[in-house]
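Trainee: As numbered in numbering that gives the first Met the number 0, residues 0 to 868 make up the first sequence, in order. Beta carbons are placed, not taken as given, at the ideal position from N, Cα and C, and that holds for glycine. The structure presented is a predicted model; accordingly, all values stated were derived computationally and were not measured.
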Amino acid sequence: MSTERYNPRGVEAKWQKTWTDAGSFLASNSSDKPKYYVLEMFPYPSGRIHMGHVRNYTMGDVIARFRKACGYNVLHPMGWDAFGMPAENAAIERKVHPKSWTYENIAAMRDQLKSMGLAIDWTREFATCDPEYYGHEQRMFIEFHKAGLVERKVSMVNWDPVDQTVLANEQVIDGRGWRSGAEVEKRELAQWFLKISDMSEELLSALDTLTDWPEKVRLMQRNWIGKSEGLRFSFVLEDEAGNQLDDKLTVYTTRHDTIFGASFCAISADHGLTQKAAQSSDAVKAFQKECAALGTSEEAIERAEKKGIPLGIYARHPFDAERRLPVYAANFVLIGYGEGAVFGCPAHDQRDLDFARKYGLDVIPVVAPKDADAATLDVGSEALLEKDTSTVHMVNSGFLDGMSVEDAKAEVAKRMADAGIGERKTNYRLRDWGVSRQRYWGCPIPFIHCDTCGVVDVPVADLPVVLPEDINFDKPGNPLERHDEWKSVPCPKCGAPAQRETDTFDTFIDSSWYFARFCSPHSDQPVDTDAASYWMPVDQYIGGIEHAILHLLYSRFFVRAMRKCGHLDLDEPFKSLFTQGMVIHETYRSQSGDWIVPAQIARDVDKATDTVSGEAVTIGPAEKMSKSKKNVIDPDDIIEQYGADTARWFMLSDTPPERDIEWTEAGVVGAWRFVQRIWRLVGQVADDNVSIVTEVLHKADADNIAELRKSTHMAIASVGDDITNLRFNRAIARVYELVNALAASLSSDDASDELKMAQREAAVSLVQLFAPMMPHLAEECWRALGGDGLVCDAPWPNHDESLLVSDKVTFVVQINGKKRAELQFAKGADREMVEDTCLRHENVVRSLDGLSVRKVIVVPDKLVNIVAG
RNA sequence: GCGGACGUGGCGAAAUGGUAGACGCAAGGGACUUAAAAUCCCUCGGCCGAAAGGCUGUGCGGGUUCAAGUCCCGCCGUCCGCACCA
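#1: Rounded to whole angstroms, how far is the Cβ of D129 from the Cβ of A26, which I believe are closer than 8 angstroms?
#2: Using C-beta distances below 6 angstroms, list every residue in its chain close to L576, excluding the 5 sequence neighbours before and after it, in chain order.
#3: What three-state label does DSSP hand S764 in the structure shown?
#4: Quick one: give me the first and last residue of the beta strand (DSSP E) that W191 is part of.
#5: Can you find the residues in the same chain that come closer than 8 angstroms, C-beta to C-beta, to A783, ignoring five residues on each side of it along the sequence?
#6: What did DSSP end up calling Q243 once you bin it into helix, strand or coil?
#7: Please classify C290: does DSSP put it in a helix, a strand, or coil?
#8: Suppose the cutoff is 7 angstroms on Cβ atoms and the five residues either side in sequence are ignored; what does the same chain contact list for G401 look like?
#9: Per DSSP, which residues does G116 bridge with? Please list them.
#10: Suppose you measure from the CA of Q640 to the CA of A646; what does that come to, to the nearest Å?
#11: Name the DSSP beta bridge partners of I865, please?
#12: I'd like to confirm the pairing. Which residues does DSSP put opposite P368 in its beta bridges?
#13: Mind checking who M155 pairs with in its DSSP beta bridge?
#14: Here's a check: name, in chain order, each residue in its chain whose Cβ is nearer than 6 angstroms to the Cβ of A498, leaving out the five neighbours to either side.
#15: For I91, which residues does DSSP report across the bridge?
#16: Only counting the same chain, and skipping five residues up and downstream in sequence, which positions put a Cβ closer than 7 angstroms to that of V857?
#17: Can you round the beta-carbon distance between G433 and F192 to whole angstroms, since I take them to be within the 8 angstroms contact cut?
#18: Assuming P572 and P525 form a contact by the criterion Cβ under 8 angstroms, report the distance between their Cβ atoms to the nearest whole angstrom.
#19: When the Cα of G271 is compared with those of Y251, C290, V404, K247, which residue comes out closest?
#20: Under a three-way DSSP split, which group does G70 fall into?
#21: Only counting the same chain, and skipping five residues up and downstream in sequence, which positions put a Cβ closer than 7 angstroms to that of G343?
#22: Based on the DSSP secondary-structure assignment, which residues constitute the bridge partners of Y35?
#23: Does the beta-carbon of G613 have 16 or more other beta-carbons within 10 angstroms, so that it is buried, or is it exposed?
#24: Please state the DSSP three-state secondary structure of L230.
#25: Cutting at 6 angstroms between CB atoms, please list the residues of its own chain near V692, excluding the five before and the five after it.
#26: R759 to E131, Cα distance in whole Å?
#27: CA-CA distance, G419 and Q243?
#28: Could you tell me which of L850, S532, T663 sits nearest to P620, measuring between CA atoms?
#29: Do you know how far the Cα of A314 is from the Cα of D269?
#30: Between the alpha carbons of L429 and D653, how many angstroms are there, rounded?
#31: My output table needs one value for G337: the three-state DSSP class, helix, strand or coil.
#32: What residue range does the beta strand (DSSP E) around Q878 cover?
#33: Which partner residues does L822 have in the DSSP bridge list?
#34: Indicate whether the contact test is met: 3 or more Cβ pairs, each with one atom in the region 48–67 and one in the region 134–147, closer than 8 angstroms.
#35: Start and end of the alpha helix (DSSP H) containing N739?
#36: Using DSSP bridges, identify the partner residues of S324.
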């Protein structure tokens, strides 16, 4: 074997082909081995992979290769989240068809991913825009509809009048469309909804079973579902003159204990009673308009002043005939939550207090510290919010006086229930999932609108409803709506001329079940139930935190819906979830303030220069790689220059996987040097021919061998453990240690054959340990060392526990907790002897001068602490 | 405002309550070389000391413990999520 530098070019492609030809990573749907399903969130085919992909897929790949070595039947698939707006934008801007744009991007990105050397079963690949895939999606949606999980209802949407489309809330910036800049209108549209809110409780409570998810993500989902337990009750209304009205006002509250502190009622500007009042009041009408303008804007405006307008009606206090509460339409009451109406208790709610101060309404404290005098309580500009309810009780509250908050709630709930005006009610913030999009590049919603039969689902035999390809984007809006030939179909029920639904699905639907499809990607059913019950759930799911709520929640809902329709027998899709950090990079700006790409920068220790202009540039902090700041490194360039192994190694080194990793040139070069170092060491070992003759070992060799074996087996023990727990940075540190140990061992001259054998064993283990991270280099080394077959097929090495323990242990000797000496003893040494020896150690004697020993703590085989004073 | 996470050398970071800084990067010194690259060796939290060794040190202030980066209480700071949810 030559001692040339390792050149990944050619070598990496060679091994990739070898793996493909050997079918090394094909997953079998039946096996005696235990199964392991590792999945990284599949990419959107934007055209090129970015460093975030490299990090994500490297992590998954390490797990896949490691689990395979550990004897698992591993499923590690790849696909494409291929529907979505960018394809349409490309069509509009560059006159390319969304379909060809998407599939060309997929082809390019597939090549890029393959150049990373990923252990993926490519035979399972699919794109969500494949009619075969989305046809199953259509079929399931029809089934969901029949199972009562789907609803068509009219709802308010953000409508962009220029682009002729619905916008998500995130796409509305300061009341304007993010793309067109046009003022967004509120519009009522009939849309399809998945009734995810029906599953609020289950989706919430099952979070407790997801113990292998980050607590942060579970918390975010909990907050998103937003359970609150309270009371819903109705007020009797009257007019100015005290005449009882027909209407009642129903409100929702979690603080019914404070009912005696109520001084007004506030209802949403969109509430039915506001609408009614608006019919006879221009002022109310104007107020409604004002609120509508605020509705979609930024948080700054949303935090605007509390405002309201009296409606001239009054709510009778349920427990005090003497009191009536003025009813206001108010800008801070949401129509979409609870009843869209509340009673205001200014003393104990900051919003209500702001409102009351503005309009001169009563502020009545009703919850007070037990030792306070109720008569002298005064509320300033801050509402009283007691966190510790054990120190307070009810005051100014009639029959509730003196009760605890909890007892008061119970009493109020009971009295209201008895009076038939209220009941306990649990509310959730989680809304139903609106899935209609007025878009072309998405899965057509499989329904037909017939004038006589209404909404009719497309017969299963006619699925998939395939997107027509002869469309154009000359005009704004959804091209499907203008495609009369495609739109016009006979009604499946009555045969009369009818129209297809032209909306397509939210792309979050596509990604809500792809993981199940991977189990049987060619099945004529959405999923093959046997295959799915074999592989699911995903054992390890890896992706960005940005999907903590929507994608993961929708997927959790979807598997439940699929279970209801008999496709899956599964509670949760993802057993263990890992959210990886971002890849960040410094930013560079020229003197004139323009962003400059890193490729164009010469970086010194403390300064950076633009290699094109020769100017010094300003170095900005490391931020997420983004096109706008141009701080992007192209994975292709890195792989071309250093090879995939170097890029992979860098991605895993140093920084824990959940944190943001800073990409630096120095770091990549360091990884590159390490690749070369391994290659040199392995070359050295491979070149050392071991003769058959056995020599007598000299002492130095014996120690060397013992040291090396210990290092090897310690590395084997910890690397596997670290990878299992996704502590890649620690696994890598352990590999470094082993390399250092091997290098130290190789530096001795005239090694005996035994030593050479030990070095060879160490090198072989080393190669196996880093093989999941740097698979190409590992194969090349494996072959150089004469290993059997492919290292990717080799079983993970076992460590020999007996080599890890030595018969001597080093004790730390402390005096009052401060280290004073180190002493070696035989393992399991007698306590008294240890204590005695320590007390006679010269450092200890010196430090104890003038002190008397009070106590000696001995931690066996570890530490002695002498307490003296 | 509510909720959560985090705070350790010049930097990325390690550390089942038991030797703080493993491992890597950067830096400095040296060897090899005509030279450079590559490689190898040494130093590397701060202060004192020739050394042995000592003092000090994990955001700040307290506490528990024989022993605290780690556990508890209170601050300060940074980051993230939600944000009029009644």
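Mentor: On the basis of the data shown:
#1: The Cβ separation is near 20 angstroms, so there is no contact.
#2: The residues are W212, Y540.
#3: In the three-state scheme derived from DSSP, where H, G and I count as helix and E and B as strand, S764 is classed as helix.
#4: Element bounds for W191: 184–193.
#5: If you ignore the 5 residues before and after A783, its C-beta comes within less than 8 angstroms of the C-beta of M0, V681, G682, A685, all in its own chain and listed in chain order.
#6: Here Q243 sits in strand by DSSP.
#7: In the three-state DSSP reduction, C290 falls in the helix class (H, G or I).
#8: Correct list, in chain order: H392, M393.
#9: For G116, which the question treats as bridged, DSSP gives no partner whatsoever.
#10: So the two alpha carbons sit approximately 10 angstroms from each other.
#11: I865 is bridged to I814, V855.
#12: Partner(s): V391.
#13: DSSP output for M155 lists E187 as bridge partner(s).
#14: It is Gln, not Ala, that sits at residue 498 in the sequence shown. So the list reads H448, K486, once near-sequence residues are dropped.
#15: Its beta-bridge partners do not exist; DSSP assigns none.
#16: Excluding residues within five positions, the ones whose Cβ falls inside 7 angstroms are R830, V833, E834, V863.
#17: Yes, they are in contact, since the Cβ atoms of G433 and F192 sit about 5 angstroms apart, within 8 angstroms.
#18: Actually they are not in contact, since the Cβ atoms of P572 and P525 sit about 14 angstroms apart, beyond 8 angstroms.
#19: Closest by alpha carbon: K247.
#20: Coil.
#21: Cβ neighbours of G343 within its own chain (closer than 7 angstroms, five residues either side excluded): A261, S262, F263, C264, A265, D351, F354, A355.
#22: V73.
#23: Only exposed fits G613, as fewer than 16 other CB atoms lie within 10 angstroms of its CB.
#24: The answer is strand: DSSP assigns L230 an E or B state.
#25: Low confidence applies here, because V692 scores a pLDDT of 46, under 50, leaving its location unreliable; read the following figure in that light. Cβ within range, chain order: n/a, list empty.
#26: For the pair R759 and E131, the Cα-to-Cα distance works out to about 52 angstroms.
#27: G419 and Q243 have their C-alpha atoms some 18 angstroms from each other.
#28: Considering only alpha carbons, the answer is T663.
#29: When only Cα atoms are considered, D269 and A314 end up about 19 angstroms apart.
#30: Approximately 39 angstroms, taken between the alpha carbons.
#31: Coil at G337, not helix or strand.
#32: Within the shown structure, residues of the chain are numbered from 0 to 868, placing residue 878 beyond reach of any answer.
#33: Partner(s): F810.
#34: No, the region 48–67 is not in contact with the region 134–147.
#35: Unbroken alpha helix (DSSP H) run through N739: 727–745.
#36: What sits at residue 324 in the sequence shown is Leu, not Ser. Paired residue(s): A314.
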